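Just below is one structure, and these are the notes that go with it.
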Amino acid sequence: PEDLDKIHALVASMVQKARQRGGYESRLVEYANLLPSEFAVLLVKDALRAGIPVQTTDEFAEFSEKHKDLILDEDYETGPGKRTSNAAWA
Numbered sequence: 011p012e013d014l015d016k017i018h019a020l021v022a023s024m025v026q027k028a029r030q031r032g033g034y035e036s037r038l039v040e041y042a043n044l045l046p047s048e049f050a051v052l053l054v055k056d057a058l059r060a061g062i063p064v065q066t067t068d069e070f071a072e073f074s075e076k077h078k079d080l081i082l083d084e085d086y087e088t089g090p091g092k093r094t095s096n097a098a099w100a
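Numbering (the numbering used here), first residue to last: 11 to 100.
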């Protein structure tokens, strides 16, 4: 779908179905890699929050590399002039 509302609904539905049925971790990450970046990260983040272990799949390494700019929050400051990456998964 091209409509952002429909993509968001699709992502939510996919996570819900995968959580109910189990065993779709790899497929979720594969599909996430086909989505626009913001929705890809949303899909994986929602899956992790739902207890779906997508981070254990082989596809997750490719996903993480492809979307590292959105996964890491480069604006997290630890003090004056100091910056550190903050994983955005939690």
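We put the beta carbon where it would ideally sit given N, CA and C, even for glycine.
All values derive from a computational prediction rather than experimental measurement.
Own chain, CB closer than 8 Å to residue i, minus 5 neighbours either side, in chain order
i	result
V25	L38, L53, D56, A57, A60 and I62
L45	I17, V21 and L53
Contacts around residue i, its chain only, beta-carbon distance under 7 Å, and the 5 residues preceding and following it disregarded
i	result
S74	I81
Residue of the options minimising C-alpha distance to residue i
i	options	result
D68	L14, E40, K27 and F49	E40
T66	N43, F49, E35 and A50	E35
M32	V64, K76, E72 and D79	Checking the sequence shown, residue 32 turns out to be Gly, not Met. Closest option to G32, Cα to Cα, is V64.
S47	R29, Q30, H77 and F70	H77
Residue i - DSSP class collapsed to helix/strand/coil
i	result
L45	coil
I62	coil
D68	coil
H18	helix
D13	coil
Rounded Cβ spacing between residue i and residue j (contact assumed at less than 8 Å)
i	j	result
N43	E72	7 Å
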